[in-house]
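Trainee:
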DNA sequence: CAGTGAATTTCGGTC
DNA sequence: GACCGAAGTTCACTG
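Chains as they are written, first to last, in the working numbering: chain R, 74 to 334; chain Y, 74 to 334.
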């Protein structure tokens, strides 16, 4: 049988069903009154109330209240779940090894339990992120400006990585910091840091640049920047280039490319 | 009636139930085959597969696959959900105003739908965070060292806030940066920045400190630090004090305090 | 394993 | 509504 449901089960019936579901690595959905205790990286307690509990075959354990996107309590994948009965009360326990974390749920008045062997073989196709932006710029450097030649991706410096390093048409060095969302002051500061890191570093690119008496240009590349970032950019002599992250799914891209082959 | 369930409903039955549930501001749980399209800050597409859908009375909309703690697609609270039928297919649509985001779900082969008017009046009680650590240190400064006198909490400087500002028994200035988890290099850098911000600022504390020829001590306060942070701290002349965040629920604390009154 | 950084981060605070 | 920072962040990726 692919799935099973119990409505208003007794605690012993519920115990049997949950244990069976866990053994079968099924996905369990419950709607029940419960009380929750969490002890691990932090500590929390949630008194009696009706919640939705989701237990996944990968060990993920979620407890949702009727508000918020985030679960009120949870355990990550690979956690071990078990059900047990104590003093004629049903408990669920989810245990994580490192870091040691324990989630204990006391159940009462279960409205329903459903378990199912989920069939889902799809993965999310997505686009519109910093990485997509970087790919796009490496493929079409002119988006930044005419004559821009990217030379390195993820160029390592003291405090992190320069997203894209390159040169303009006059061979001035260009340091690009990409943001796929609106950039704030923190992005400008990050870029500033990379520039000074680079300027203080001992590397071929820099030596060549200095021997040719070229400039180092810092560019913040993002869809937009907020007002404070705008001011800071002008003070710091940094340039801003507005680029939107490509919102094109890989599959679409592939089809498009295939069409050209 | 407090809750309703349908197993293997036809699309029109499902439509009726969902519309009724949305009108009643109920919490909806579904287990169904579906296909998902998201367009907003990013873009994503998820092909047909069985998933669990959760729609909350606050407008939150979650789609869970059988893996991970995070939903594969979602909309935040205050989103508006509606159901509609097109070409004898049932769709769910969740719409957010700012930023404009749209989640569209095509449903097929619904295994079950449940809606319920959830009764939950409890909020999570929790402890073990940075704020708790700060509270604890303000109340018991000797945790840091004998003679430590905290003077300011969240003291504003150029690039942020100094968690705790104070003086040692010799009236040297102490700048504390708190972390409730293992501190890394980034925390040391943050502290360094606050120290230099403070040193470059124009304020009473600093003038007094300099006129008395006192030192400025930087302290990183966290349960532990990683190896890289350890090295950096020694280089930079910053001190590390190991403090664990208090794992004590407010209610417990209140009871403890009451017991002493 | 630990460490780094992005995320449709979410969420709560303040301005 | 924008901005800022914490979070049991989670997650993917690297060494």
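No residue lacks a Cβ here, since even glycine has one placed at the ideal position from N, Cα and C.
Helix, strand or coil, according to DSSP, for residue 202 of chain Y in the structure here?
Mentor: The count along the second chain starts at 1 and reaches residue 202 of chain Y at position 129. Three-state result, residue 202 of chain Y: coil.
Trainee: Listed in chain order, which residues of the stretch 172-203 of chain R have Cβ atoms closer than 7 angstroms to some Cβ of chain Y?
Mentor: 184, 185, 187, 189, 191, 192, 193, 194, 195, 197, 198, 199, 200, 201, 202
Trainee: Drop a sphere of 10 angstroms on the beta-carbon of residue 301 of chain Y, count the other beta-carbons inside from all chains shown, and report buried for 16 or more, exposed for fewer.
Mentor: Start at 1 with the first residue of the second chain, and residue 301 of chain Y comes out as number 228. Burial call: exposed.
Trainee: Where residue 164 of chain R and residue 87 of chain R are concerned, what is the direct C-alpha to C-alpha distance, given to the nearest angstrom?
Mentor: One-based indexing of the first chain puts residue 164 of chain R at position 91. One-based indexing of the first chain puts residue 87 of chain R at position 14. Roughly 10 angstroms separates the two Cα atoms.
Trainee: Report the CB separation of residue 267 of chain Y from residue 239 of chain Y in whole angstroms; it is logged as a contact under 8 angstroms.
Mentor: In the second chain, residue 267 of chain Y corresponds to position 194, counting from 1. In the second chain, residue 239 of chain Y corresponds to position 166, counting from 1. About 14 angstroms; that fails the 8 angstroms criterion.
Trainee: Determine the DSSP secondary structure at residue 95 of chain Y, reduced to helix, strand or coil.
Mentor: Sequence index remark: in the second chain, residue 95 of chain Y carries index 22 (1-based). Of the three classes helix, strand and coil, the one that applies to residue 95 of chain Y here is helix, per DSSP.
Trainee: Between which two residues does the alpha helix (DSSP H) harbouring residue 260 of chain Y extend?
Mentor: On the second chain, residue 260 of chain Y is found 187 positions in, with the first residue counted as 1. Where residue 260 of chain Y is concerned, the enclosing alpha helix (DSSP H) stretches over 258-273.
Trainee: When you compare the CB positions of residue 287 of chain R and residue 246 of chain R, do they come within less than 9 angstroms of one another, or not?
Mentor: The sequence position of residue 287 of chain R within the first chain is 214, counting from 1. The sequence position of residue 246 of chain R within the first chain is 173, counting from 1. Result yes, Cβ atoms of residue 287 of chain R and residue 246 of chain R sit closer than 9 angstroms.
Trainee: What are the boundary residues of the alpha helix (DSSP H) that residue 305 of chain Y is part of?
Mentor: Along the second chain, read from residue 1 onward, the residue named residue 305 of chain Y stands at position 232. Counting along the chain, the alpha helix (DSSP H) containing residue 305 of chain Y begins and ends at 300-309.
Trainee: Could you compute how far the alpha carbon of residue 230 of chain R sits from the alpha carbon of residue 251 of chain R?
Mentor: Here residue 230 of chain R refers to the residue found at position 157 of the first chain. Here residue 251 of chain R refers to the residue found at position 178 of the first chain. About 16 angstroms.
Trainee: Taking 9 angstroms as the CB-CB limit, is residue 326 of chain Y close to chain R?
Mentor: Taking the second chain and counting its residues from 1, one reaches residue 326 of chain Y at position 253. In this prediction, residue 326 of chain Y has a pLDDT of 47, which is less than 50 and means its spatial position is unreliable; nothing more can be read from the coordinates.
Trainee: Strictly by DSSP, which residues pair up with residue 216 of chain Y?
Mentor: If you number the second chain from 1, residue 216 of chain Y lands on position 143. Looking at the DSSP assignment, residue 216 of chain Y forms no beta bridge with any residue, so it has no partner.
Trainee: Compare the beta carbon distance of residue 155 of chain Y and residue 166 of chain Y with 9 angstroms and say whether it is the shorter of the two.
Mentor: Start at 1 with the first residue of the second chain, and residue 155 of chain Y comes out as number 82. Start at 1 with the first residue of the second chain, and residue 166 of chain Y comes out as number 93. Yes, these two residues count as a Cβ contact at 9 angstroms.
Trainee: Going by other Cβ atoms of all chains shown within 10 Å of its Cβ, with 16 needed for buried, is residue 193 of chain Y buried or exposed?
Mentor: Numbered from its first residue, the second chain carries residue 193 of chain Y at position 120. Buried, because 16 or more other Cβ atoms sit within 10 Å of the Cβ of residue 193 of chain Y.
Trainee: According to DSSP, residue 239 of chain R sits in a beta bridge with which residue or residues?
Mentor: Position 166 of the first chain, counted from the first residue, corresponds to residue 239 of chain R. Paired residues: R/223, R/247.
Trainee: Please give me, in chain order, every unbroken run of the beta strand (DSSP E) with length at least 3 that falls completely inside the stretch 102-159 of chain Y.
Mentor: Whole beta strand (DSSP E) segments, 3+ residues: 116-128, 134-137, 146-148, 153-159.
Trainee: Name, please, each residue of chain Y whose Cβ falls closer than 7 angstroms to the Cβ of residue 335 of chain R.
Mentor: Outside the shown range of chain R (74 to 334) lies residue 335 of chain R, about which nothing can therefore be said.
Trainee: For a contact meaning CB atoms closer than 9 angstroms, what does residue 122 of chain R contact in chain Y?
Mentor: Position 49 of the first chain, counting from 1, holds the residue named residue 122 of chain R. Per Cβ cutoff of 9 angstroms: 191, 192, 193, 194, 195.
Trainee: Which residues in the same chain as residue 153 of chain Y place their Cβ atom closer than 6 angstroms to its Cβ, once the five residues preceding and following it in sequence are excluded?
Mentor: Counted from its first residue, the second chain places residue 153 of chain Y at position 80. Taken in chain order, the residues that qualify are 168.
Trainee: Hey, does residue 146 of chain Y have any beta-carbon neighbour from chain R nearer than 9 angstroms?
Mentor: Mapped onto the second chain, residue 146 of chain Y falls at position 73. Answer yes: the Cβ-Cβ gap between residue 146 of chain Y and chain R drops below 9 angstroms somewhere.
Trainee: Using 9 angstroms as the threshold, is the C-beta distance between residue 211 of chain Y and residue 316 of chain Y below it?
Mentor: Position 138 of the second chain, counted from the first residue, corresponds to residue 211 of chain Y. Position 243 of the second chain, counted from the first residue, corresponds to residue 316 of chain Y. The answer is no: Cβ separation not under 9 angstroms.
Trainee: For residue 114 of chain R, go through chain Y and note every residue whose CB falls closer than 8 angstroms to its CB, in chain order.
Mentor: As a working mapping, residue 114 of chain R is identified with position 41 in the first chain. In chain order: 201, 254.
Trainee: Nearest to residue 133 of chain R by alpha carbon, out of R/264, R/140, R/175?
Mentor: As a working mapping, residue 133 of chain R is identified with position 60 in the first chain. Minimum Cα distance to residue 133 of chain R is reached at R/175.
Trainee: Classify residue 83 of chain R: buried if its beta carbon has 16 or more other beta carbons within 10 angstroms, exposed otherwise.
Mentor: Here residue 83 of chain R corresponds to residue number 10 of the first chain, with the count starting at 1. Flag for residue 83 of chain R reads exposed.
Trainee: DSSP has residue 170 of chain R in a bridge; who is on the other side?
Mentor: Within the first chain, numbered from 1, the residue matching residue 170 of chain R stands at position 97. For residue 170 of chain R, which the question treats as bridged, DSSP gives no partner whatsoever.
Trainee: Taking Cβ-Cβ distances shorter than 7 angstroms, what residues in chain R pair up with residue 117 of chain Y?
Mentor: To locate residue 117 of chain Y, count along the second chain from 1; it is residue 44. Going along chain R in sequence order, the residues near residue 117 of chain Y (Cβ under 7 angstroms) are 197, 198, 199.
Trainee: Going by DSSP, name the residue or residues bridged to residue 210 of chain R.
Mentor: In the first chain, counting from the first residue as 1, residue 210 of chain R sits at position 137. Residue 210 of chain R is not bridged to any residue.
Trainee: Label residue 265 of chain R either buried or exposed according to how many other C-beta atoms from any shown protein chain fall within 10 Å of its C-beta, with 16 as the threshold for buried.
Mentor: Translated into the one-based positions of the first chain, residue 265 of chain R becomes position 192. Note on residue 265 of chain R: 16 or more other CB atoms within 10 angstroms of its CB, so buried under the neighbour-count rule.
Trainee: So, is residue 137 of chain Y buried or exposed, given that buried needs 16 or more other C-beta atoms within 10 angstroms?
Mentor: Numbered from 1 along the second chain, position 64 holds the residue referred to as residue 137 of chain Y. The residue in question, residue 137 of chain Y, is buried, as its Cβ has 16 or more Cβ neighbours within 10 Å.
Trainee: Quick check on residue 274 of chain R - is its C-beta less than 9 angstroms from some C-beta in chain Y?
Mentor: As a working note, residue 274 of chain R is residue 201 in the first chain. No, because no Cβ of chain Y sits closer than 9 angstroms to the Cβ of residue 274 of chain R.
Trainee: Whole angstroms is fine: what's the gap from residue 237 of chain Y's alpha carbon to residue 226 of chain Y's?
Mentor: The sequence position of residue 237 of chain Y within the second chain is 164, counting from 1. The sequence position of residue 226 of chain Y within the second chain is 153, counting from 1. Whole-angstrom Cα-Cα distance: 5 angstroms.
Trainee: Taking the alpha carbon of residue 299 of chain R as the point to measure from, which residue in R/249, R/255, R/91, R/90 has its own alpha carbon closest?
Mentor: As a first step, residue 299 of chain R must be located in the first chain, where it is residue number 226. Closest in alpha carbon position to residue 299 of chain R, among R/249, R/255, R/91, R/90, is R/255.
Trainee: Who are the neighbours of residue 80 of chain Y on chain R, taking C-beta pairs under 8 angstroms?
Mentor: The count along the second chain starts at 1 and reaches residue 80 of chain Y at position 7. Those are 78, listed as they occur along chain R.
Trainee: At 9 angstroms on the CB atoms, spell out the chain Y contacts of residue 142 of chain R, in chain order.
Mentor: Residue mapping note: residue 142 of chain R aligns to position 69 of the first chain, counting from 1. Those within 9 angstroms of residue 142 of chain R in chain Y are 129, 133, 134, 135, 144, 147, 148, 149, 150.
Trainee: CB-CB under 6 angstroms to residue 178 of chain R, same chain, minus the five flanking residues each way: which ones, in chain order?
Mentor: Counting from one through the first chain, the residue named residue 178 of chain R turns up at place 105. The answer, listed in chain order, is 107, 109, 165.
Trainee: Run down chain Y in chain order and give the residues with a C-beta less than 7 angstroms from the C-beta of residue 322 of chain R.
Mentor: As a working mapping, residue 322 of chain R is identified with position 249 in the first chain. Within 7 angstroms Cβ-Cβ: 116, 118.
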